[in-house]
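Have a look at the structure below, then the notes.
Protein chains: 2
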Amino acid sequence: MPASTRVPQQERSRATQARLLEATVECLVEHGWSGTTTTVVATRAGVSRGAQLHHYPTKAALVTAAVAHLAERRAEELRTEAEALPPGPQRLDLVIDLLGAAFTGPLFVAALELWVAARTDRELREALVPLEARVGREMHRLTVALLDVDERRPGVREAVQATLDLLRGLGVANLLNDDSSRRAALLHTWKRQLATLLTP
Amino acid sequence: MPASTRVPQQERSRATQARLLEATVECLVEHGWSGTTTTVVATRAGVSRGAQLHHYPTKAALVTAAVAHLAERRAEELRTEAEALPPGPQRLDLVIDLLGAAFTGPLFVAALELWVAARTDRELREALVPLEARVGREMHRLTVALLDVDERRPGVREAVQATLDLLRGLGVANLLNDDSSRRAALLHTWKRQLATLLTP
């Protein structure tokens with residue numbers, strides 16, 4: 001088979017996967033874990049059941065791939081957005097705002113659906129635990145890079161960790177209500193503390 | 001009907017309710033929202049379906065009553081435990097440890113199951129939103145009382161809020177893994193910061 005027909009097929013395959021993964025995250029956000037079925041996702045993505053099962057044979061495989069895919073895309077977007085930020089003392093505030101938006105966006109909501117469901121679903125938990133650890137490490141590294149701080153300095157690692165744990169708590173507080181004005185006030189104070197903790 | 005038979009009946013009724021509510025929380029912790037059915041709860045509590053429906057006609061009514069009941073009991077326990085703490089500079093650390101345990105215990109896990117389920121379940125959300133607001137306010141007030149601080153001082157309200165949001169984030173981080181050693185290290189640093197923020 002000539003290369004010219006193989007490449008488009010690989011591309012079609014990648015496009016099908018991307019459509020399935022994005023439909024999965026949308027489905028988790030709209031209908032939650034129990035309302036997300038592989039059939040609903042296939043229909044939403046406009047992909048046949050056969051093609052779906054070929055790429056992702058189980059619901060656990062589909063949802064973990066979806067969260068991994070979106071986490072990578074989101075990290076890429078955060079890097080791009082952070083590159084566009086002006087340097088200077090305002091940078092820390094703007095980075096925290098970007099992260100605050102990430103922890104209240106669709107990826108966070110979809111991931112939380114999976115974390116909670118995985119507590120009582122062994123198959124999902126086994127697929128999710130390694131992914132959660134990897135995404136957690138990458139989020140930590142990304143935050144260190146965005147804030148442009150040196151983790152070898154005492155206190156920096158702890159300050160970054162506390163920021164991410166605080167943002168996770170704020171993400172949960174935003175689940176049922178728009179908590180944005182309380183969150184903005186709280187993060188305003190946190191930014192001042194963090195600036196002190198991170199300043200050599 | 002003489003008072004002597006009415007009172008035992010009220011007591012039996014209260015005991016039945018308490019058994020149902022405690023079985024509900026246990027069920028949410030073990031089986032999650034979708035695995036918690038009113039039938040499973042009634043069996044677990046050793047209560048007839050008729051008696052259960054008499055007290056709590058819907059699943060939403062049962063689970064919100066269960067979380068409200070356990071939140072009250074837990075607040076009572078926290079007050080009692082805090083009263084037994086020695087006064088002095090160690091008190092803040094010990095209060096944070098008590099709160100850290102509360103945010104990783106069964107009530108937190110059961111409440112999180114409901115918050116996440118309520119996102120995509122209108123009936124549950126309508127029952128839960130007012131309860132979440134009330135429990136949130138009471139938790140804030142209780143924390144202020146346990147720390148024995150004056151909220152009218154600038155910064156105290158924000159420091160208490162940040163502590164509770166951080167603890168919520170740490171509770172979620174503990175869902176699939178035992179995160180206790182990372183949490184202890186992080187809270188160790190947080191206690192020092194909080195002591196500074198709360199000191200007049």
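First to last, the protein sequences are chains C and W.
Each residue of the first sequence is one higher than the last, beginning at 1 in full-length UniProt numbering.
Each residue of the second sequence is one higher than the last, beginning at 1 in full-length UniProt numbering.
Note that beta-carbon positions come from the ideal geometry of N, C-alpha and C, so glycine has one too.
Excluding the five sequence neighbours on either side, which residues of its own chain have a C-beta within less than 8 Å of the C-beta of residue i, listed in chain order?
i        : result
GLY46/W  : ARG19
THR37/W  : LYS59
THR163/W : ILE96, LEU99, THR143, TRP190 and LEU194
GLU123/W : THR58 and ALA60
GLU26/C  : ARG44 and PRO106
Using a Cβ-Cβ cut-off of 6 Å (strictly less than) and excluding sequence neighbours within five positions of residue i, which residues of its own chain qualify?
i             : result
THR143/W      : VAL160
ALA42/C       : ARG49 and GLN52
residue 202/W : With chain W running from 1 to 200 in the structure shown, residue 202/W is simply not present.
HIS69/C       : LEU21
LEU85/W       : ARG91 and LEU94
ARG183/W      : LEU170
Among the options, which residue has its Cα nearest to the Cα of residue i?
i        : options                                  : result
THR168/W : PHE108/W, VAL135/W and ALA68/W           : It should be noted that the sequence gives Arg, not Thr, for residue 168/W. Cα-wise, what sits closest to ARG168/W is PHE108/W.
THR196/C : ARG44/C, VAL156/C and LEU28/C            : VAL156/C
LEU98/W  : PRO57/W, GLU81/W, GLN10/W and LEU114/W   : GLU81/W
GLU126/C : LYS59/C, VAL25/C, SER34/C and LEU70/C    : LYS59/C
ALA173/C : GLU132/W, THR64/W, VAL149/W and ARG182/W : GLU132/W
ARG192/W : GLU138/W, VAL63/W and ARG91/W            : ARG91/W
ARG137/C : LEU176/C, GLU72/C, GLY105/C and PRO87/C  : GLU72/C
LEU62/W  : THR24/W, ALA118/W and GLU123/W           : THR24/W
LEU187/W : PRO86/W, GLU158/W and LEU94/W            : LEU94/W
ARG74/W  : ARG44/W, ARG14/W, PRO106/W and HIS54/W   : PRO106/W
Can you find the residues in the same chain that come closer than 7 Å, C-beta to C-beta, to residue i, ignoring five residues on each side of it along the sequence?
i        : result
PHE103/W : LEU167, ARG168, LEU170 and GLY171
ALA111/C : VAL67
ALA65/W  : LEU21 and TYR56
Could you check where the alpha helix (DSSP H) with residue i kicks off and where it finishes?
i        : result
VAL63/W  : 59-83
GLY100/W : 91-102
PRO130/W : 122-147
GLU113/C : 106-119
THR37/W  : Taken as a continuous stretch (DSSP letters only), THR37/W belongs to no alpha helix (DSSP H), as it is neither H nor E.
LEU53/W  : 49-55
GLY88/C  : Careful: GLY88/C lies outside any alpha helix (DSSP H) and carries neither H nor E.
THR199/W : Element bounds for THR199/W: n/a, residue is neither H nor E.
Less than 8 Å between the CB atoms is what I'm expecting for residue i and residue j, so what's the real figure, rounded?
i             : j        : result
GLY32/W       : ALA117/C : 7 Å
ARG134/W      : LEU175/C : Going by Cβ atoms, the distance from ARG134/W to LEU175/C rounds to 16 Å, so no, they are not a contact pair.
residue 266/W : LEU78/W  : With chain W covering 1 to 200 only, the question about residue 266/W has no answer from this structure.
PRO200/W      : ARG153/W : 6 Å
ASN177/W      : VAL129/C : 7 Å
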